[in-house]
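Quick mapping for you: the protein sequence lines, in order, are chains A and B.
The first sequence runs 0 to 463 under numbering that gives the first Met the number 0.
The second sequence runs 0 to 360 under numbering that gives the first Met the number 0.
Structure record follows, encoded as structure tokens.
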Amino acid sequence: MDPNQLYDVLIVGGGNAALCAAITARQAGASVIVLEAAPKHFRGGNSRHTRNFRCMHDAPADVLTDSYGENEYWEDLLKVTAGHTDEKLARMVIRQTSECRPWMRAHGARFQPSLGGTLHLSRTNAFFLGGGKALLNGYYRAAERMGIEIEYNAEVNELNFRDGRFHSAVVVRKGFTEVVRAKTLVAAAGGFQANIEWLRSAWGEAANNFLIRGTPYDNGHILRLLMNQGARTVSDPTQCHCVAIDARAPRFDGGIITRVDCVSLGITVNQHAQRFYDEGEDFWPKRYAIWGRLVAQQPGQIAYTIIDSQAMGGFMPPVFPPIQARSLRELADALKLDPQALERTVAEYNAAVRPGKFDHAILDNCSTEDLQPAKSHWALRIERPPYYAYPLRPGITFTYLGVAVNERAEVCFEENRKLDNVFAAGEIMAGNILGKGYLAGLGMAIGTVFGRIAGEEAARRAHA
Amino acid sequence: MRICNACRYCEGFCAVFPAMERRMEFGEKDLLYLANLCHDCGECYYSCQYAPPHEFAVHIPQTMAEIRRQTYSEYAWPGALKGLFAHNGLALALGALIAPLLFMTYLYAVAAPGVFFGAHAVADGAFYRVMPHGAMIAVFLLLGIGVAVAFAAGLWRFWRDLGEPLATLFDGKAMQQAIVDAMTLRYLDGGGEGCAYPDEVPSTARRTFHHLTFYGFLFCFAATSVAAVYHNLLGWQAPYALLSVPVVFGTIGGIGLLIGPVGLMWLKIARDPETQDRKQSGMDTTFLAMLFLTSLTGFLLLILRESSAMGVVLAIHLGIVAGLFITMPYGKFVHAIYRSAALVLNALEKRRPVKLPVGEI
Ligand SMILES: Cc1cc2nc3c(=O)[nH]c(=O)nc-3n(C[C@H](O)[C@H](O)[C@H](O)COP(=O)(O)OP(=O)(O)OC[C@H]3O[C@@H](n4cnc5c(N)ncnc54)[C@H](O)[C@@H]3O)c2cc1C
Ligand code: SF4
Ligand code: SF4
Numbered sequence: 000m001d002p003n004q005l006y007d008v009l010i011v012g013g014g015n016a017a018l019c020a021a022i023t024a025r026q027a028g029a030s031v032i033v034l035e036a037a038p039k040h041f042r043g044g045n046s047r048h049t050r051n052f053r054c055m056h057d058a059p060a061d062v063l064t065d066s067y068g069e070n071e072y073w074e075d076l077l078k079v080t081a082g083h084t085d086e087k088l089a090r091m092v093i094r095q096t097s098e099c100r101p102w103m104r105a106h107g108a109r110f111q112p113s114l115g116g117t118l119h120l121s122r123t124n125a126f127f128l129g130g131g132k133a134l135l136n137g138y139y140r141a142a143e144r145m146g147i148e149i150e151y152n153a154e155v156n157e158l159n160f161r162d163g164r165f166h167s168a169v170v171v172r173k174g175f176t177e178v179v180r181a182k183t184l185v186a187a188a189g190g191f192q193a194n195i196e197w198l199r200s201a202w203g204e205a206a207n208n209f210l211i212r213g214t215p216y217d218n219g220h221i222l223r224l225l226m227n228q229g230a231r232t233v234s235d236p237t238q239c240h241c242v243a244i245d246a247r248a249p250r251f252d253g254g255i256i257t258r259v260d261c262v263s264l265g266i267t268v269n270q271h272a273q274r275f276y277d278e279g280e281d282f283w284p285k286r287y288a289i290w291g292r293l294v295a296q297q298p299g300q301i302a303y304t305i306i307d308s309q310a311m312g313g314f315m316p317p318v319f320p321p322i323q324a325r326s327l328r329e330l331a332d333a334l335k336l337d338p339q340a341l342e343r344t345v346a347e348y349n350a351a352v353r354p355g356k357f358d359h360a361i362l363d364n365c366s367t368e369d370l371q372p373a374k375s376h377w378a379l380r381i382e383r384p385p386y387y388a389y390p391l392r393p394g395i396t397f398t399y400l401g402v403a404v405n406e407r408a409e410v411c412f413e414e415n416r417k418l419d420n421v422f423a424a425g426e427i428m429a430g431n432i433l434g435k436g437y438l439a440g441l442g443m444a445i446g447t448v449f450g451r452i453a454g455e456e457a458a459r460r461a462h463a
Numbered sequence: 000m001r002i003c004n005a006c007r008y009c010e011g012f013c014a015v016f017p018a019m020e021r022r023m024e025f026g027e028k029d030l031l032y033l034a035n036l037c038h039d040c041g042e043c044y045y046s047c048q049y050a051p052p053h054e055f056a057v058h059i060p061q062t063m064a065e066i067r068r069q070t071y072s073e074y075a076w077p078g079a080l081k082g083l084f085a086h087n088g089l090a091l092a093l094g095a096l097i098a099p100l101l102f103m104t105y106l107y108a109v110a111a112p113g114v115f116f117g118a119h120a121v122a123d124g125a126f127y128r129v130m131p132h133g134a135m136i137a138v139f140l141l142l143g144i145g146v147a148v149a150f151a152a153g154l155w156r157f158w159r160d161l162g163e164p165l166a167t168l169f170d171g172k173a174m175q176q177a178i179v180d181a182m183t184l185r186y187l188d189g190g191g192e193g194c195a196y197p198d199e200v201p202s203t204a205r206r207t208f209h210h211l212t213f214y215g216f217l218f219c220f221a222a223t224s225v226a227a228v229y230h231n232l233l234g235w236q237a238p239y240a241l242l243s244v245p246v247v248f249g250t251i252g253g254i255g256l257l258i259g260p261v262g263l264m265w266l267k268i269a270r271d272p273e274t275q276d277r278k279q280s281g282m283d284t285t286f287l288a289m290l291f292l293t294s295l296t297g298f299l300l301l302i303l304r305e306s307s308a309m310g311v312v313l314a315i316h317l318g319i320v321a322g323l324f325i326t327m328p329y330g331k332f333v334h335a336i337y338r339s340a341a342l343v344l345n346a347l348e349k350r351r352p353v354k355l356p357v358g359e360i
């Protein structure tokens, strides 16, 4: 980091979007500096925790099976967002995902040949060999080889604007404050999910019980600074990818392993031992993203999934062992629930279960009758001890409130003010496409496509 | 292990992770198996978002190396020699040095000084004038049998503790698969571009040097076998001509054994200290040094066999080979035994139907 140098492109952030932008800008001949708030060991933001990338493809291609066309991808997106998306930008991302893989490979990405195991997503998603951290390691190596300057422990906490343009950034690095000047800025600093204060302003006290699945460094500070400059925003602060995860997960950075995969196999009750939603509504991966919100709306933001010995072992093994008991009463004690209430809930549920042929691989015909809320599939009586429970809390993956951008990744400002050297990529602008809901692998798709666009445009602007 | 099984990001790297997914619980025998299936390539450490300093502090290569070290010592036979693995470096170095000294003393005592220090023509039986053929055979046959018994005993106990009946160890197909996996170091390629050894950058260096070492060893072994056939069936006596089969094989193998161990040693020194199990380096380095010295003294013998130094060099060479043999069951060589067995089990398991309870309730 050289305070006397005027860099062509300054990149704030160190995740997928940031590195894609940095590499592209450097390739276009720009001098590039990347400022990453995290120490080297934790570099890579949320991207470090990812596993795959959703790509469009018209025919079986390297690691992808079958085909996944633009329209199907678009339909899937439309379904989850219920229309909260910008069709032009979304289709642009979808189309470009089909061209990303060779570029990614050329810069250190490795993919895993189509996958065995419990997840079967190799039609729509390309899996990173070794996951997101391995991907980021590859990108960082490529970036270093290309002569991109990278600073760790370098948190940007002020952006200076002059004459209606970005001018320089104030960085706190190893306790010292320094100023970095650059011709253009790419904001790739993630969402604001690690900022509990901000979450609280949107969710109230409930936010105190939220767990953050990813990096503690995505505090939304850069987003706030851009908003203060009058950047237009998209989506709203309550929208996020929020899943139900094990309540015993750490406050930050628990990543992928804290998920609980058996909600659809049992029943889920709240603090009052009452059920509150149809656990068997649809396949787990599809419904996975709604449960965080459901739990967030329950008293104390806590819920418990309860299964019996029949269901045990029929799902991805979670990292925390289940709470186990020989009777429902004992289980209620262990969970500090009212034993009578729990017994009543289970008894009512058991009485409503209609016989059917259980099959977890299809929407089977095991369901309840005359029960509120119903359990429409995989409804088996909970009657064979030992009983098991997994406590759930809302786990925030990332927030959607972000800056509005155009197809050149330029940040759009109020009153048509021109601020022609500020670009954004990744979570900080993902809300343009993903205003609501979630589609696995879309986070990396948006970050990769917009990162590359932002890098290219920023380099071009710097040379103009 | 629980963390990995819930995560599974590393499943494309090697056989360990898919094997993990076939089990829900991790008892001692599972750990024993997985640890010996691991080739210590380091990929999963660099890729792990839970690696230290993360609070979960997942460090698979290190954990696996520790279990392997225990495996090696626990299954050593005879049991009294278990301790050798604990103080491996020193014990092995001593063992390795004592053998040549014994040979020197013995030969000096037996052979007439004129023979021992005399110059020899490359004539039939020149070596045996220094050390009688019968004695050579006797010593190495005894050593060979001892070593084979030690290996077999270790293997048998290891296999039993994996919870497998003896019969499955000899499953033809699984053995074939395991041999192919072992010969090609299939799981040392980090999923394509080489592994993260000695550091984060994928590289095929370790695989290359290991191949040189391994095939070097095989060629030398083949050279000795051919020589045995020459001597015992055809009656041709060593030393053999430069272009004879045993000498050519020995030379090829010897070159592999000069470059391979040095390369592996260099990688070991260059290796990221974060991923090293330092307690093992004694046994690793001794074994590599022995291989290297075997080859080096072999070449010296080839060069000096017509000079008056031949007797001394032969004694040293034979001594080092003997040292290599003696220390084999108590040093790094055993990894070949246990890893191959783990690969056999891996091949077997892949064929067995997976018991995934979904849909069966
Ligand atoms: C557990 C988990 C699993 C996921 N799995 C997937 C998946 O499989 N597929 C998928 O597509 N998406 C997945 N996602 C979502 C995905 O992680 C994000 O959409 C994507 O990583 C966003 O990339 P990004 O570069 O915008 O942000 P990040 O990767 O979070 O990077 C933001 C960076 O900005 C840095 N930063 C923040 N503030 C500052 C500052 N003031 N100064 C300097 N630096 C700063 C941070 O340190 C960080 O490096 C997952 C998320 C989580 C948490
Ligand atoms: S080593 Fe780390 S990244 Fe790999 S499977 Fe285990 S927990 Fe996941
Ligand atoms: S170190 Fe290499 S061989 Fe061992 S478990 Fe990890 S990836 Fe597999």
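The beta carbon of each residue, even a glycine, is placed where N, CA and C say it ideally should be.
Computed from a prediction, not measured in an experiment: that's the story for all the values here.
Asked: Short-range partners of chain A found in the segment 0 to 17 of chain B, where Cβ spacing is below 7 Å; Found: R1, I2, N4, A5, C6, R7, Y8, C9, E10, G11, F12, P17
Asked: Within-8 Å CB hit, Q323/A to chain B; Found: no
Asked: Contact test: P538/A Cβ vs ligand 3 heavy atom, cutoff 7 Å; Found: There is simply no residue 538/A to check, as chain A begins at 0 and stops at 463 in what is shown.
Asked: Cβ pair A185/A, A444/A closer than 8 Å; Found: Per the sequence presented here, residue 185/A reads as Val, with Ala not at that position. Not closer than 8 Å, so no.
Asked: Collapsed DSSP secondary structure at Y139/A in the structure displayed; Found: helix
Asked: Straight-line Cα distance separating D162/A from G219/A; Found: 25 Å
Asked: Contact set between the segment 335 to 351 of chain A and chain B, restricted to residues whose Cβ is under 7 Å from the partner; Found: none
Asked: Interface flag, P52/B vs chain A, CB-CB below 8 Å; Found: yes
Asked: Cut-off 8 Å between Cβ atoms - residues of its own chain near M63/B, not counting five sequence neighbours on either side; Found: V15, L33, A34, C37, D39
Asked: Cβ shell of I395/A (< 6 Å), same chain only, five flanking positions each side left out; Found: Q192, F209, I211, C239, C241
Asked: Inter-residue Cα distance where the pair is L118/A and G153/B; Found: Model confidence at L118/A stands at a pLDDT of 47, short of 50, so the residue's coordinates are unreliable; what they give is reported in the following sentence. Taking the straight line joining both Cα atoms gives about 39 Å.
Asked: Backbone secondary structure at P272/B - three-state DSSP; Found: helix
Asked: V294/A - containing alpha helix (DSSP H), residue span; Found: 290 to 295
Asked: Chain A within 8 Å of N345/B, Cβ atoms only; Found: no
Asked: Whole-Å CB distance - Q296/A paired with Q270/A, under 8 Å assumed; Found: Q296/A to Q270/A, Cβ: 12 Å. No contact.
Asked: Contacting residues, own chain, Cβ-Cβ under 8 Å from G410/B (five flanking each side not counted); Found: Lying outside 0 to 360, the shown extent of chain B, residue 410/B is not represented and no answer is given.
Asked: Proximal chain A residues relative to S202/B, where beta-carbon distance stays under 7 Å; Found: What S202/B touches in chain A: nothing, since even the nearest Cβ is about 12 Å away.
Asked: Whole-angstrom C-beta distance between A439/A and R53/A, which should lie under 8 Å; Found: 7 Å
Asked: Three CB pairs or more closer than 8 Å across the segment 120 to 139 of chain A and the segment 3 to 17 of chain A; Found: yes
Asked: Interface residues of chain A facing Y44/B [CB-CB closer than 8 Å]; Found: Here the premise fails: no neighbours, minimum Cβ distance about 10 Å.
Asked: E150/A versus I10/A - alpha carbon distance; Found: 11 Å
Asked: CB contact check: A133/A to chain B, cutoff 8 Å; Found: yes
Asked: Amino acids of chain B, ordered along the chain, whose beta-carbon sits closer than 7 Å to that of P317/A; Found: A5
Asked: Any C-beta of chain A under 8 Å from that of E348/B; Found: no
Asked: Cβ contact check for the segment 160 to 180 of chain B and the segment 447 to 462 of chain A: 3 or more pairs under 8 Å; Found: no
Asked: Chain A contact for E273/B (CB, 8 Å cutoff); Found: no
Asked: Ligand 3 heavy atom lying under 7 Å from the CB of G41/B; Found: yes
Asked: Own chain residues within Cβ distance below 8 Å of R68/B, not counting five before or after; Found: F84, D276, K278, Q279
Asked: Contact list for the segment 129 to 161 of chain A against chain B, Cβ threshold 8 Å; Found: G129, G130, G131, K132, A133, N136, R140
Asked: The segment 377 to 389 of chain A in contact with the segment 303 to 320 of chain A per 3-pair CB rule at 8 Å; Found: yes
Asked: Distance cut-off 7 Å: Y186/B Cβ against heavy atoms of ligand 3; Found: yes
Asked: Helix, strand or coil at A302/A [DSSP, three-state]; Found: strand
Asked: Simplified DSSP state of F449/A, which is helix, strand or coil; Found: helix
Asked: L355/B versus M311/A: straight-line alpha-carbon distance, rounded; Found: At L355/B, the pLDDT of 46 sits below 50, so the modelled position is not reliable; the number obtained from the coordinates is stated separately. C-alpha separation (whole angstroms): 11 Å.
Asked: Three-state class that DSSP yields for K87/A in the structure shown; Found: helix
Asked: Bridge partner(s) assigned by DSSP for D65/A; Found: In the DSSP output, where bridge partners are listed per residue, D65/A has none listed.
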